[in-house]
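Just below is one structure, and these are the notes that go with it.
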Amino acid sequence: MSGAETLAAVRRERHGSVTIGHGTDLAAAAMLGHVPLGFSEIPLAVCDYPIVFIKDGATGAFRLVALLGFAANRNLFVIGGSWAATYLPLNVLRLPFYLGAPDGGELELCIDEGSSLIGGTPGNALFEASGSETAFLAGRRTLLNTMLADAEKTARFVSTVTAARLVTPMTITLHHADQRQQDIAGAYTIDPLALESLDGETLQKLHRDGHLGAIYAVMHSLGQLTRLEQLHNAHGEHPIARSAVQLHL
Numbered sequence: 001m002s003g004a005e006t007l008a009a010v011r012r013e014r015h016g017s018v019t020i021g022h023g024t025d026l027a028a029a030a031m032l033g034h035v036p037l038g039f040s041e042i043p044l045a046v047c048d049y050p051i052v053f054i055k056d057g058a059t060g061a062f063r064l065v066a067l068l069g070f071a072a073n074r075n076l077f078v079i080g081g082s083w084a085a086t087y088l089p090l091n092v093l094r095l096p097f098y099l100g101a102p103d104g105g106e107l108e109l110c111i112d113e114g115s116s117l118i119g120g121t122p123g124n125a126l127f128e129a130s131g132s133e134t135a136f137l138a139g140r141r142t143l144l145n146t147m148l149a150d151a152e153k154t155a156r157f158v159s160t161v162t163a164a165r166l167v168t169p170m171t172i173t174l175h176h177a178d179q180r181q182q183d184i185a186g187a188y189t190i191d192p193l194a195l196e197s198l199d200g201e202t203l204q205k206l207h208r209d210g211h212l213g214a215i216y217a218v219m220h221s222l223g224q225l226t227r228l229e230q231l232h233n234a235h236g237e238h239p240i241a242r243s244a245v246q247l248h249l
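Numbering (the UniProt record's numbering), first residue to last: 1 to 249.
In structure tokens, the structure reads:
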């Protein structure tokens, strides 16, 4: 969502007069086909988004994400200048802030200086006249630290379901109104048969760890593909008549 060349550590000397426009960075968000989710977001995100696993192109590790559209760089939830969902994922809410190490050192609060929110009016200042952080900047710092802690819980959840061999590839098939058929691969979900085959002790541990409810939420979230269909058709491009999901068990 940001280019390394526009990411800079937040510094009073550099950003003392910077303001961040109110609202969501829709210019950046509009280019997202999916967005990473934290484990604690699952109960909230399931009300709006299909939640799936995808493989990291560099490491091959699974990541938990919310699908925002049917194409890599197209966010169907950005429509009419607003975000068409009840829940806004934290990885969108935090924009234009990141935790990064632009100088190769430890993680610190950074800002994407190329964001469309930079200099927005009305906006939120980052620093008081005294040089101290504003409540807005302190809040964003807290948000990023909370997300970092949640990332550890997410990693444990992903590790648990992969170790239990519960993750299976899936294909989303879009049946367009003009009779075209489009297959979309690359996403993974929970294998219901593998889940049913788990022994009682394993299921109890999943429940104790808070993972069992999340597993069912991920499975049921595929019903939100209908929402993606509706949004796709609202954009007025190649209407979809229906979609179908095939699990490769």
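For every residue, glycine included, the Cβ atom is placed at its ideal position computed from N, Cα and C.
Residue i and residue j closer than 7 Å at C-beta
i, j, result
"Ile111", "Pro96", "yes"
"Val167", "Phe39", "no"
"Glu106", "Ala9", "no"
"Arg63", "Leu143", "no"
"Leu37", "Ala45", "yes"
"Leu88", "Ile20", "no"
"Val218", "Ile79", "no"
"Ala214", "Ile42", "yes"
Nearest-angstrom Cα separation, counted from residue j out to residue i
i, j, result
"Ile240", "Ala58", "32 Å"
"His15", "Tyr188", "41 Å"
"Gln224", "Ala129", "47 Å"
"Thr134", "Ile172", "45 Å"
"Asn75", "Ala66", "11 Å"
"Asn73", "Ala30", "8 Å"
"Leu148", "Asp56", "18 Å"
"Gly114", "Asn91", "17 Å"
"Gln181", "Pro102", "44 Å"
"Gln246", "Arg156", "27 Å"
"Ala163", "His176", "37 Å"
"Gly210", "Leu193", "20 Å"
"Ala244", "His238", "17 Å"
"Ala85", "Gly23", "14 Å"
Presumed contact (8 Å Cβ cut-off) between residue i and residue j, rounded CB distance
i, j, result
"Asp35", "Leu68", "The displayed chain sequence assigns Val, not Asp, to residue 35. Contact flag correct, Cβ pair sits at about 6 Å."
"Asp25", "Arg227", "Asp25 to Arg227, Cβ: 22 Å. No contact."
"Asp191", "Leu249", "6 Å"
"Phe77", "Leu195", "Rounded, the Cβ-Cβ distance is 29 Å, inconsistent with contact."
"Phe70", "Leu174", "6 Å"
Sheet register partners of residue i (DSSP bridge)
i, result
"Ser132", "Ser132 is not bridged to any residue."
"Asn233", "In DSSP, Asn233 forms no bridge with anything."
"Asn124", "Ile20"
"Leu228", "Leu228 pairs with nothing; no bridge assigned."
"Thr189", "Thr168"
Helix, strand or coil at residue i according to DSSP, with G and I counted as helix
i, result
"Asp178", "coil"
"Arg165", "coil"
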